[in-house]
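Numbering (this note's numbering), first residue to last: 45 to 470.
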RNA sequence: GGAGAGGUGCGAGAGUGGUUGAAUCGGACGGUCUCGAAAACCGUUGUACCCGUUAGGGUACCGAGGGUUCGAAUCCCUCCCUCUCCGCCA
């Protein structure tokens with residue numbers, strides 16, 4: 045959400061930014077409605093001022109016992125005018141804010157212009173993909189052979205696109221969650237929270253999933269709640285509608301939460317295994333910071349994500365998204381992609397975004413620098429830290445040994461009772 | 001699920017139709033006093049929007065949205081949220 049005044053005074057910039065994002069919004073209509081809205085607002089307020097002074101005069105006359113009938117009749121007429129104007133105003137306001145809700149955040153100047161993912165820029169590559177002297181197995185074959193997941197039975201429970209972890213697989217999933225949470229809390233200084241998994245509309249509007257992505261989320265109709273699409277939503281919304289007291293920023297929060305996504309997902313190689321599923325575990329990182337620090341914090345956040353992949357010894361690359369590939373609410377975003385040798389693909393395991401004050405405005409979130417200071421909108425950032433199933437898959441594919449087992453990276457062993465290798469049971 | 005209570009400014013808390021943007025207390029900030037501090041005293045202390053170069057003017061806001069009225073924090077309706085008790089339950 046942008047400041048209406050900003051939108052009015054920076055029309056060219058807004059149009060350019062929206063075009064860079066490759067999104068279509070009826071800006072011409074928005075600006076026309078805004079113009080009309082201000083005119084009506086002005087007229088209504090003038091009538092209200094007249095009514096107010098008339099009311100005061102009526103009160104004065106009543107106390108002195110003077111006749112006020114004429115004034116009351118006059119005031120009633122003014123009231124009719126106001127009613128009509130306010131009715132129109134309400135319609136205009138509604139249209140204006142509905143259109144404004146669809147105006148995306150504008151790309152930051154450091155975001156390269158571009159149409160789609162093809163124009164993204166690889167900023168950094170870390171790690172040497174292991175050289176295999178055989179054709180490395182895809183993760184679903186490894187997982188099935190080692191009894192880590194049951195791809196055949198999972199659909200019995202929730203249909204296709206859901207995972208059923210079994211035995212050590214379930215434990216590995218849990219170990220990864222524990223490992224990441226501990227890492228971020230003890231080494232990176234985040235505060236852990238555990239949020240609800242169902243979310244109300246206001247919160248989803250706050251972070252920008254609504255109105256745009258309504259169809260991509262699971263909806264619990266009876267209560268008008270949505271299943272959490274990404275922990276970015278519950279975690280960032282913790283402070284919605286608040287004015288944060290001095291000293292609270294920067295707020296660094298981390299949480300584990302399952303994410304649920306309806307997104308149909310095209311049939312094909314992408315849908316095999318655990319790369320694209322309707323429910324997945326994720327550890328999330330959220331920062332709420334003072335505006336002038338947000339781009340430094342964005343780099344720090346990216347670093348915090350990188351540390352996870354490096355500790356897991358997974359080769360990855362950091363990609364700077366171009367304007368056209370940016371999400372609705374983001375001004376700048378890095379994707380982190382992990383190399384998966386089995387399926388020979390880079391898997392997006394984290395998105396690391398700076399939303400500037402776009403979400404804070406939608407959430408009505410503000411902060412004070414010091415007692416008595418004016419409340420300002422902070423900047424919000426978030427990153428997956430990191431998404432699990434793809435990381436799980438990359439782990440199996442990268443650390444497969446060639447003799448049917450999978451090596452556990454040292455960082456993870458304490459969470460698996462010291463286990464160094466996943467091997468077939470019995 | 002049933003019954004009840006309540007949502008007012010930074011906090012507590014008055015206010016039940018007419019100069020109430022809102023008493024009072026507390027907090028915060030500034031000042032007087034003091035060598036300094038405390039105490040005491042005095043003062044200041046909301047947000048959003050519109051018009052205006054400024055000075056300033058106007059409008060709205062007492063959980064949200066409607067309604068009644070010349071006029072609503074105050075009356076009516078709907079919704080949201082919080083709390084208490086009972087029931088159910090991992």
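Just so you know, even glycine gets a beta-carbon here, dropped at the ideal spot from N, CA and C.
Simplified DSSP state of residue i, which is helix, strand or coil
| i | result |
| --- | --- |
| residue 210 | coil |
| residue 428 | strand |
| residue 459 | helix |
| residue 200 | helix |
| residue 388 | coil |
| residue 226 | helix |
| residue 159 | coil |
| residue 153 | coil |
| residue 398 | strand |
| residue 134 | helix |
| residue 75 | helix |
| residue 324 | strand |
| residue 179 | coil |
| residue 235 | strand |
| residue 50 | helix |
| residue 423 | strand |
| residue 464 | coil |
| residue 361 | strand |
| residue 70 | coil |
| residue 319 | coil |
| residue 104 | helix |
| residue 194 | coil |
| residue 540 | Because the chain in this structure spans residues 45 to 470, residue 540 falls outside the shown range and cannot be described. |
Which listed residue (the options) has its alpha carbon closest to that of residue i
| i | options | result |
| --- | --- | --- |
| residue 360 | 72, 258, 218, 439 | 439 |
| residue 282 | 137, 262, 248 | 248 |
| residue 316 | 205, 378, 426, 80 | 205 |
| residue 280 | 265, 236, 267 | 236 |
| residue 427 | 344, 59, 230, 115 | 344 |
| residue 292 | 453, 415, 54 | 415 |
| residue 50 | 84, 150, 99 | 150 |
| residue 131 | 165, 148, 85, 429 | 85 |
| residue 413 | 355, 393, 287 | 287 |
| residue 441 | 186, 52, 55 | 186 |
| residue 257 | 239, 445, 220, 148 | 148 |
| residue 87 | 70, 107, 133, 53 | 133 |
| residue 395 | 357, 356, 348 | 348 |
Inter-residue spacing [alpha-carbon to alpha-carbon] between residue i and residue j
| i | j | result |
| --- | --- | --- |
| residue 156 | residue 129 | 45 Å |
| residue 346 | residue 397 | 9 Å |
| residue 419 | residue 183 | 50 Å |
| residue 217 | residue 202 | 19 Å |
| residue 63 | residue 422 | 26 Å |
| residue 214 | residue 194 | 11 Å |
| residue 322 | residue 89 | 51 Å |
| residue 366 | residue 163 | 6 Å |
| residue 250 | residue 138 | 17 Å |
| residue 167 | residue 431 | 20 Å |
| residue 91 | residue 403 | 36 Å |
| residue 387 | residue 48 | 47 Å |
| residue 400 | residue 143 | 20 Å |
| residue 264 | residue 198 | 22 Å |
| residue 353 | residue 80 | 53 Å |
| residue 274 | residue 75 | 33 Å |
| residue 443 | residue 451 | 5 Å |
| residue 390 | residue 362 | 11 Å |
| residue 176 | residue 383 | 14 Å |
| residue 436 | residue 260 | 24 Å |
| residue 262 | residue 379 | 25 Å |
| residue 318 | residue 325 | 11 Å |
| residue 222 | residue 454 | 15 Å |
| residue 116 | residue 99 | 8 Å |
| residue 95 | residue 127 | 12 Å |
| residue 417 | residue 335 | 15 Å |
| residue 350 | residue 320 | 22 Å |
Supposed contact pair residue j and residue i - C-beta distance, whole angstroms, cut 8 Å
| i | j | result |
| --- | --- | --- |
| residue 458 | residue 207 | Not really, about 25 Å apart at Cβ, beyond 8 Å. |
| residue 66 | residue 368 | 4 Å |
| residue 252 | residue 406 | 6 Å |
| residue 466 | residue 190 | 5 Å |
| residue 425 | residue 333 | 7 Å |
| residue 304 | residue 327 | 16 Å between Cβ atoms; not a contact. |
| residue 296 | residue 339 | With a Cβ gap of about 16 Å, residue 296 and residue 339 do not count as contacting. |
| residue 122 | residue 112 | About 14 Å; that fails the 8 Å criterion. |
| residue 289 | residue 330 | Rounded, the Cβ-Cβ distance is 18 Å, inconsistent with contact. |
| residue 342 | residue 298 | Going by Cβ atoms, the distance from residue 342 to residue 298 rounds to 16 Å, so no, they are not a contact pair. |
| residue 24 | residue 364 | The question about residue 24 has no answer, for the chain in this structure spans 45 to 470. |
Practice prompt. Can you check the segment 329–358 for any alpha helix (DSSP H) of at least 4 residues that lies completely inside it and give the ranges in chain order?
Written response: 338–355
Item to complete: Only counting runs of 3 or more residues, tell me where the beta strand (DSSP E) segments fall wholly within the segment 238–303, in order along the chain.
Response: 269–271
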